[in-house]
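**Student:** Let me give you the structure first, and then I'll get to my questions.
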Amino acid sequence: MFKEMGQIMGMLRNLPKMQEQMEQMQQSLGNITAEGQAGGGMVAAKLNGRMELVSCTISEEAMKLNDREMLEDLIVAAVNAALVKVREQVAQESSKFVMGAGGFPMG
-16 MFKEMGQIMG MLRNLPKMQE QMEQMQQSLG NITAEGQAGG GMVAAKLNGR MELVSCTISE
44 EAMKLNDREM LEDLIVAAVN AALVKVREQV AQESSKFVMG AGGFPMG
């Protein structure tokens, strides 16, 4: 119990540094990007670490199919694939932040 109290007190002393690191991490999220594809590359979506859609490309081949419903499904699938990838990258960056902040126990 006293060890945990010491860890908490240490974190409180480092609060300004932790806030600065948190701001840096938030800024770095914009630099993280991930791309997801669907339909064998007919549709590609790119998201950043803030979960913002940065770009969506649709191939000429997909446009020629003239199937709106299928195209909508491909867009959703590509965005979801990109979300999975970008969430993994954000989790990795977040764990680096937590370890840099002293790796305090969760729970």
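For the sequence shown, counting from 1, position 107 maps to 90 in the working numbering; every step adds exactly one. Here a beta-carbon is modelled for each residue, glycine too, at the ideal position from N, C-alpha and C.
On the DSSP bridge list, what partners appear for GLY32?
**Tutor:** Its beta-bridge partners do not exist; DSSP assigns none.
**Student:** Decide if the stretch 19 to 30 is in contact with the stretch 43 to 58; the criterion is three or more beta carbon pairs, one per stretch, under 8 Å apart.
**Tutor:** Segments in contact, yes.
**Student:** Grouping DSSP H, G and I as helix and E and B as strand, with all else coil, what is ILE41?
**Tutor:** Residue state, collapsed to three classes: strand.
**Student:** In terms of residue numbering, what span does the alpha helix (DSSP H) encompassing MET5 cover?
**Tutor:** Counting along the chain, the alpha helix (DSSP H) containing MET5 begins and ends at -2 to 12.
**Student:** If we call anything under 8 Å between Cβ atoms a contact, is ASN63 one with GLY22?
**Tutor:** No, they are not a contact pair.
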